[in-house]
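Note that the sequence shown covers residues 295 to 850 in the working numbering.
Every residue, glycine too, gets a C-beta built ideally from N, C-alpha and C.
Presented below is the structure to which this report refers.
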Amino acid sequence: MTSAARDLADRFHERWLRANPFAATSYGIPGYDDLLPDDSEAGHQAWRAEVNGFLAEASAIDPGELDPADGVTLDCTKEAAAHEVASVDLAPDEYTVTAMQYSGPIMLLAVMARTVLVDDAAAEAYLTRLRGTGDWLDQITERLRAGARRGRLPVAALAEQAIVRAEAVLAAPDDSPVLTPRPPEGWSGTEAWERERRALVTDVLHPALSRWVETVRELLPAARPSDHPGLHWLPGGDGDYARSIQLFTTLPLTARELHQTGLDHVAALEERAVRLGAGLGLSGRDEVFAAIRSSAGKLAPEEAVARALAAVRRAEEQAPGFFPAPLPPPCEVTPMPSVVALGGAAPHYTPPRLDGGRPGTFWFNTMLPTAGTGWDIDVVAFHEAVPGHHLQLSRLQLLSDLPALQRQRSLSVFSEGWGLYAEQLAEETGLFADDRGRLGAVSAALMRAVRLVVDTGLHAFGWSREKAVEYAVDHVPMPDEFMAAEIDRYIVMPGQALAYLTGKLEIERLRGEAQRRLGSAFSLAEFHAAVLDHGSLPMPTLARSIGTWLDVQVPA
């Protein structure tokens, strides 16, 4: 018999997928590829009211009557629902304009480009979605107008970048990202389907995209200058940022605490970089940083992909030593679509599609090879693939008894915290080939520590974009252009950058507690299973779950 907690989780998750069909497409969950979200103001408020109904149901369930697994499921449902309410209230679509794939037209184009058409029904669903893109683009255009009426305006420099990206798409209709997916091989309807797809690009998608561009251009004279890029400068922005901190960390932290944590970790990591550099004959922080930066762009894209693949395969070979079964199939390493790569996207991971149309994939940016230093290829591979996101997310899909909500929904603080923990685990288990790779790992860790400093600086303390870029460039030995793009990402996703180091520190704290309580009986593989096998959890729920696991291991 299905418990009340699991039944609620299943019903909420199905409604969440319907409200967020782009997420469903990304996960390869069938049944949603013909849909677009309702991003009108009325649609958002209707969704908020519906989610509050789910929260009321959750509050009526007595946690004391649930077994531990169902208790975790109830916590996950509450967090997911609260996240949706907060997202509606924060309304970032009223002021976010970016050339990146995180929102707006570029997000739409990226989702369409990555859709896999496994059969003729999927191809028809694709056309249905494409027919609706005009209305959806008009909805998000109106959201920007509504934001402007409330004094919530985009950052001019980022809006200008977005206009350039959108106009490049409009200028090349025959190369539109939505033409990327191929229809099923041998399908008799291909010719007519292709004609309609191209007509929809010309008659529906591009006219709406042009209207969006014109609206953004109209907003530019009143848009925020680069010295006012953060939430601090928007009406109610300080309160919005405090809520964003809770949203992305799931912990009761303040901007001041996070800022100081970042400063402390930056100082410690710079000392480690100097120590490692000494082993390579480098003297002092500046010389170490210069050596790392000088390697940027030196690798041909094909060689960079080959090195990333070699690191992934090396980690996969060793994974059975620190993870129990089930272990996922091998991770693919693939160049990312141009619409994503040209926006400056960093390497990233997408889990296997549930319909089998695409394996777990580590997407590598071969169009902008200066996005890394060469020394950081190994650490990025370990973070994105194994023992990082591929192992974490693909493993979840093998746990069929887990509610779909926990298998398919991802929390930044858990997933990115795990990714950073995986980098440290790679060091502990000897996966790095040499000190250059270890220095690359330190430079990556520095970037995550710097994120705490600059995210809070931008959104709580009123930093300018220039000040944030200067701080990041001074403390992270990566190319200036890459760090500037990183700062732009933090501007358009307030609070998300806090999740990485915050989650890692909490996982490390829980591991230390487990080692203290279990002593010589501590098993790293079993601890990893205890962390991963309930899904992507809020940090307080993870702490309770690990506490329950420890109570079983060490009976009172």
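Each residue's CA atom was taken as its position, placing LEU541 and GLU710 some 14 Å apart.
Looking at the backbone, the Cα of HIS828 and that of GLU610 are separated by about 22 Å. Assignment of alpha helix (DSSP H) within the region 412 to 444, counting only whole runs of 4 or more residues, yields 414 to 443 in chain order.
Inter-segment contact for the region 439 to 458 and the region 376 to 393 is present: three or more beta-carbon pairs are separated by less than 8 Å. Nearest to ASP497 by alpha-carbon distance, out of ASP768, THR427, GLU802, is THR427. The secondary-structure analysis by DSSP pairs ARG518 across a beta bridge with VAL449. Contact between the region 521 to 529 and the region 779 to 793 is present: 3 or more CB-CB pairs across the two stretches fall below 8 Å. Using a Cβ distance threshold of 8 Å, LEU403 and PRO471 count as a contacting pair. If one requires a minimum length of 4 residues, the alpha helix (DSSP H) runs lying completely within the region 592 to 656 are 595 to 612, 632 to 635, in chain order. If you look at ARG587, you'll find it in the alpha helix (DSSP H) that goes 578 to 588. Here the alpha carbons of GLN339 and ARG607 stand approximately 47 Å from one another. When the alpha-carbon of PRO834 is set against those of THR555, GLU800, ASP361, the nearest one is in GLU800. Note on PRO614: under 16 other CB atoms within 10 angstroms of its CB, so exposed under the neighbour-count rule. The three-state reading of DSSP puts PHE658 in strand, counting E and B together. The beta carbon of ARG587 sits closer than 6 Å to the beta carbons of PRO771 from its chain, once the five residues preceding and following it are set aside; these are given in chain order. Just so you know, the alpha carbons of PRO529 and ALA363 end up roughly 42 Å apart. Listed in chain order, the non-local C-beta contacts of ALA698 below 6 Å within the same chain comprise HIS307, local neighbours out to five positions each way being set aside. Annotation: GLU378 to ARG423 spans about 23 Å, alpha carbon to alpha carbon. Leaving aside the five residues that flank PRO618 on each side, the residues in its chain whose CB is nearer than 6 Å to its CB run, in chain order, ALA819, ALA823. Residue environment: ASP749 is assigned as buried (16 or more neighbouring CB atoms within 10 Å of its CB, all protein chains considered). In terms of CA proximity to ALA754, ILE785 leads the group PRO622, TRP843, ILE785.
A Cβ-Cβ contact shorter than 8 Å links THR644 with THR655.
Put simply, the backbone Cα of LEU503 is about 22 Å away from that of ASP782. When DSSP states are grouped into helix, strand and coil, ALA354 belongs to the coil group. Each of GLY806, LEU740, SER632 was checked against the Cα of MET401, and the nearest Cα belongs to SER632. Two segments are said to touch when three or more pairs of C-beta atoms, one from each, lie closer than 8 Å; by this definition the region 535 to 549 touches the region 793 to 808. Residue nearest to PRO646 within the set SER320, ASN314, ALA299 is SER320 (criterion: CA-CA distance). Secondary structure note for HIS822: its alpha helix (DSSP H) is the uninterrupted segment 818 to 826. Annotation for VAL634: GLN395, ALA404 place their beta carbon closer than 7 Å to its own, counting only its chain and skipping 5 residues before and after. Annotated three-state conformation of ASP361 is coil, per DSSP. Looking only at ASP728, GLY322, VAL736, SER706, the smallest Cα-Cα distance to GLU717 is reached by VAL736. For VAL770, there is no enclosing alpha helix (DSSP H), since its DSSP letter is neither H nor E. About 6 Å separates the beta carbons of ALA516 and LEU447, which is inside the 8 Å limit, making them a contact pair.
Close CB contacts of LEU593 within its chain, under the 6 Å cut and outside five residues either way in sequence, are with GLY668 (chain order).
Just measuring C-alpha positions, the residue of ARG459, VAL507, ARG408 sitting nearest ARG476 is ARG408.
Residues of the same chain with a CB within less than 7 Å of the CB of ARG742, apart from the 5 flanking positions on each side, are LEU714, TYR794, LEU795 in chain order.
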